[in-house]
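Structure record follows, encoded as structure tokens.
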Amino acid sequence: MAIVHFPLKLIGRRMLAPSVGHYQFVRDDGQPLDFVPGQFIQVHFRYADGTPAKRSYSLATIHDHALAPGEAVEIAVSYVPGGAATALFEGLPEGGHVEASGPFGRFCLMPGDRNARYLLIATGTGVTPYRSMLPQLQSLMAERGVEVVLLQGARTPAELLYGDEFRAFADAHPEFRYVPCLSRELPPDPHPDVRHGYVQQHLGAFAPDAAHDIAYLCGNPDMVDACFEALKGFGLPVPQIRREKYVSSK
7 MAIVHFPLKL IGRRMLAPSV GHYQFVRDDG QPLDFVPGQF IQVHFRYADG TPAKRSYSLA
67 TIHDHALAPG EAVEIAVSYV PGGAATALFE GLPEGGHVEA SGPFGRFCLM PGDRNARYLL
127 IATGTGVTPY RSMLPQLQSL MAERGVEVVL LQGARTPAEL LYGDEFRAFA DAHPEFRYVP
187 CLSRELPPDP HPDVRHGYVQ QHLGAFAPDA AHDIAYLCGN PDMVDACFEA LKGFGLPVPQ
247 IRREKYVSSK
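Counting in the numbering used here, the sequence shown runs from 7 upward without gaps.
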């Protein structure tokens, strides 16, 4: 199947963390972008010498797929000092365009899943796909009583991407537990579910169990590998551990 390229127009941006921006685009060719939460797009550009380049970004967009595919396209972009993609995004004016393709990927909730609980584990921008999954998770919690634990790793509270949204979602949905794991600095008055350390250090407290759990791992490759081995150690078979590694590119 031919890969479709399309223009995206920037309509808004805000900083999520000191070095991560949230970018809101619309597809600017009159077509919707339908996607399955967990998928990503690729943004195409050229290096200064004209060489083609591309970067992959998970879709952070929340929309109700039951109504109609939307035109909104939201991504989180990590700024890498001296990075070509960083220069592209930092220099993009509102109303400016980038070329994109997609959606791609299979890091998605599967329709045939019958698990009692999802363990969603992320560091950095690896948490982005879980934001787009929130409406799906809400439906699954209502329809079959599934429970969800989101363990999000960051160094400091300021680096918890979408943390306020996840906390608000957890407050509104008792089946959803949000567990920030902060390796360097805790907030002054932490929520009882805030942990000190790395996500892989706190996984065991949730007693992963092959009979009940499906786990998703997204983010730093070292974290993904460590959690993958830990989950196998708890007896989870490999098909119940779904992984996506984020490698930082300039």
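All C-beta atoms, glycine included, are put in the ideal place defined by N, C-alpha and C.
{"Item": "Are there 16 or more other CB atoms within 10 angstroms of the CB of residue 49, so buried, or fewer, so exposed?", "Value": "buried"}
{"Item": "May I have a chain-ordered list of the beta strand (DSSP E) segments no shorter than 3 residues that lie completely inside the segment 65-141?", "Value": "78-84, 103-110, 123-129"}
{"Item": "With residue 98 and residue 142 assumed to form a contact (beta carbons below 8 Å), what rounded beta-carbon distance in angstroms separates them?", "Value": "Contact flag wrong, Cβ pair sits at about 30 Å."}
{"Item": "Let me confirm a value: residue 344 is counted as buried when at least 16 other C-beta atoms fall within 10 Å, else exposed. Which label applies?", "Value": "With the chain running from 7 to 256 in the structure shown, residue 344 is simply not present."}
{"Item": "Give the single residue among 247, 47, 157, 182 whose Cα lies nearest to the Cα of residue 188.", "Value": "157"}
{"Item": "Taking its Cβ as the centre, do 16 or more other Cβ atoms sit within 10 Å of residue 213, making it buried, or is it exposed?", "Value": "exposed"}
{"Item": "Are the segment 223-235 and the segment 202-211 touching, with three or more C-beta to C-beta distances below 8 Å?", "Value": "yes"}
{"Item": "Quick check: residue 80 and residue 30, are their CB atoms within less than 9 Å of each other?", "Value": "yes"}
{"Item": "Determine the burial state of residue 186: buried for a count of at least 16 other Cβ atoms within 10 Å of its Cβ, exposed for fewer.", "Value": "buried"}
{"Item": "Is there at least one Cβ from chain B nearer than 9 Å to residue 109's Cβ?", "Value": "Included in the structure is just one protein chain, with no chain B present."}
{"Item": "Between residue 135 and the rest of its own chain, which residues show a CB-CB distance below 7 Å, the 5 nearest in sequence each way excluded?", "Value": "43, 44, 64, 113, 224"}
{"Item": "State the DSSP-derived secondary structure class of residue 182, mapped to helix, strand or coil.", "Value": "strand"}
{"Item": "For residue 250, which three-state DSSP category applies?", "Value": "strand"}
{"Item": "Would you mind sorting residue 18 into buried or exposed? The rule is 16 or more other CB atoms within 10 Å of its CB.", "Value": "exposed"}
{"Item": "Contact between the segment 84-98 and the segment 118-126 is defined here as three or more beta-carbon pairs at a separation below 8 Å; is this criterion met?", "Value": "no"}
{"Item": "Should residue 165 go down as buried or exposed, given a rule of 16 or more other Cβ atoms within 10 Å for buried?", "Value": "buried"}
{"Item": "What residues in its chain sit with their C-beta under 7 Å from that of residue 34, if we drop five residues either side in the sequence?", "Value": "13, 14, 15, 103"}
{"Item": "Can you tell me the Cα-Cα spacing of residue 67 and residue 109, whole angstroms?", "Value": "12 Å"}
{"Item": "On the DSSP letters alone, give me the boundaries of the beta strand (DSSP E) that residue 26 sits inside.", "Value": "26-33"}
{"Item": "Does the beta-carbon distance from residue 107 to residue 11 come in below 9 Å?", "Value": "yes"}
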